[in-house]
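Visitor: Here you go, one structure.
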Amino acid sequence: MIGRVLKSTGSWYAVADADGRTVACRTRGKMRLEGYKESNPIAVGDRVAFEAIGNEGVITDVLPRTNHMLRQSVKRAGHASVLAANIDQVLIVATLKQPRTSLGFIDRVMVSAEAFRIPQLLIINKKDLLTGAQLAEVDALRTLYENIGCQVLLISALHDEDIARVQAHLANKVTLVAGHSGVGKSTLLNRLLPQLQLTTAAISEYSEKGTHTTTFAEMFQSDATTFIIDTPGIKEWGLMDMNQQEISDYFPEMRELRLACKFGARCLHLSEPKCAVVQAVESGTIAVSRYQSYVSMVTGEDNRK
Ligand SMILES: Nc1nc2c(ncn2[C@@H]2O[C@H](COP(=O)(O)OP(=O)(O)O)[C@@H](O)[C@H]2O)c(=O)[nH]1
Ligand SMILES: [Mg+2]
Ligand SMILES: [Zn+2]
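When we follow my numbering, the leftmost residue of the sequence shown carries the number 29, and every step to the right adds one.
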């Protein structure tokens, strides 16, 4: 049988079969995936072949991945593990208030998705808390991000009609949800998947460190063809295995320009002469905030964001 891994503890896996039934699977001995050096051979989202008797099974094979995203390994510092595989889009949940999400964080998640050619969707949640000046800021963000190919939705997770809009964007896809603690991810997921009962945190609680102990991705099935991957507690959207030179490849608005730089593909777009990227920032074609995010990624100043 072929199924999809919904959850992994490292020693057993929750696998959904074609009928949406969940089977608890183990692997036979130690599995090594050829071509992967990451510490976990099977990740959430993997499609696997398995044999089941009743509600228990054994995974016999992992099917080739269309893509995957990495995170820093929990077990070994400096190593990567696969966060999730076979992802159709990354949904970034951000807020302008309670708490305020930095543009640096949004850009970092976008770059880590772009590195694996995964499209992104940006949701700005807690619309109900925003007033005039902040709504104008949302319009500016919409222009900024839609210009580089990322659709922006302004919603309140408390409003039914907004949930329906989000649902339409998720239908028939595997969506990985990213966002800082407190932005309303669990609230949103509970509304999208009424059978779910994720705990949501009161405003006063999520700012305290250590509230979130789960740091594993988990996939939920909405219908036969719609899946949502939650990433509770994952803060480190890493630029794993990326060298300085390639980071601008993952900024769509810079990618197009880089060959116009005097130093061509070797240009880091910092202080090199006749840099087409710097010129585009000066003329306003590239947003200053995007360039600032880029610089902090290249110089490694935002490793802890
Ligand atoms: N005003 C308002 N509060 C929200 C909204 N969405 C979530 N919240 C609240 O924000 C807090 C954090 O939400 P939670 O879902 O736990 O965030 P998570 O850490 O991203 O999973 C909770 O108190 C929610 O009730 C919204 O659209 N508007
Ligand atoms: Mg949560
Ligand atoms: Zn340049």
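A virtual CB, placed ideally from N, CA and C, is assigned to each residue, including glycine.
Let's see if you can read the secondary structure: which residues bound the alpha helix (DSSP H) around I151?
Guide: Premise fails: I151 lies in the beta strand (DSSP E), Q148 to N153, not in any alpha helix (DSSP H).
Visitor: Helix, strand or coil for H240, going by three-state DSSP, please let me know.
Guide: With a pLDDT of 44 at H240, under the threshold of 50, the modelled position of this residue cannot be trusted; read the value that follows with caution. Coil at H240, not helix or strand.
Visitor: In terms of alpha-carbon separation, which member of R128, C178, G132 and D135 lies closest to L158?
Guide: Ranking R128, C178, G132 and D135 by Cα distance to L158 puts R128 first.
Visitor: Going by the C-beta, is S321 closer than 7 angstroms to any heavy atom of ligand 1?
Guide: no
Visitor: Just the C-alpha distance for G312 and C303, rounded to the nearest angstrom, thanks.
Guide: 14 angstroms
Visitor: Below 8 angstroms, how does it come out for the region 133-152 and the region 110-120: are there three or more Cβ pairs, yes or no?
Guide: yes
Visitor: Hey, how far is the Cα of K35 from the Cα of T259?
Guide: If you draw a straight line from the Cα of K35 to the Cα of T259, it comes to about 11 angstroms.
Visitor: Can you say whether L287 is buried or exposed, counting buried as having 16 or more other CB atoms within 10 angstroms of its CB?
Guide: exposed
Visitor: For Q195, report the span of its alpha helix (DSSP H) as first-last.
Guide: D188 to L198
Visitor: In the DSSP output, what is E84 paired with across the bridge?
Guide: Beta-bridge pairing links E84 to A52 and I81.
Visitor: Closer than 8 angstroms is the cut-off here; do at least three beta carbon pairs connect the region 211-221 with the region 184-194?
Guide: yes
Visitor: At what residue ranges does the region 244-293 contain a whole run of the alpha helix (DSSP H), taking only runs of 4 or more?
Guide: 280-283
Visitor: By DSSP, does V326 sit in helix, in strand, or in coil?
Guide: V326: helix per DSSP, three-state reduction.
Visitor: Just how far apart, CA to CA, sit T327 and G132?
Guide: Per the coordinates, the alpha-carbon of T327 lies some 13 angstroms from the alpha-carbon of G132.
Visitor: Out of D156, N114, F144 and L169, state which residue places its alpha-carbon closest to the alpha-carbon of I134.
Guide: Nearest of D156, N114, F144 and L169 to I134, Cα basis: L169.
Visitor: Under the three-state reduction of DSSP, which class applies to S321: helix, strand or coil?
Guide: In the three-state scheme derived from DSSP, where H, G and I count as helix and E and B as strand, S321 is classed as helix.
Visitor: Over what stretch of residues does the beta strand (DSSP E) that includes M29 continue unbroken?
Guide: Careful: M29 lies outside any beta strand (DSSP E) and carries neither H nor E.
Visitor: Counting beta carbon pairs with one atom in the region 76-89 and one in the region 38-45, are three or more of them shorter than 8 angstroms?
Guide: Taking a cut-off of 8 angstroms for Cβ pairs, the region 38-45 and the region 76-89 touch, as three or more such pairs fall below it.
Visitor: Just how far apart, CA to CA, sit M97 and V137?
Guide: The alpha-carbon atoms of M97 and V137 are separated by roughly 11 angstroms.
Visitor: For the beta strand (DSSP E) holding L181, just list the boundary residues, first then last.
Guide: Q179 to L182 is the extent of the beta strand (DSSP E) around L181.
Visitor: Tell me the residue span of the alpha helix (DSSP H) that contains N215.
Guide: A quick correction: the sequence has Thr, not Asn, at residue 215. K213 to L220 is the span of the alpha helix (DSSP H), which, as asked, contains T215.
Visitor: Ordered along the chain, which non-local residues of its own chain (more than five positions away) have a Cβ less than 6 angstroms from that of T228?
Guide: S214 and T215
Visitor: My assumption, with CB atoms under 8 angstroms, is that A80 sits in contact with R93. Please give the rounded CB distance.
Guide: At roughly 22 angstroms, the Cβ-Cβ gap does not stay under 8 angstroms, so A80 and R93 are not in contact.
Visitor: Taking a contact to mean a Cβ-Cβ separation below 8 angstroms, would you say A293 touches Q273 in this structure?
Guide: yes
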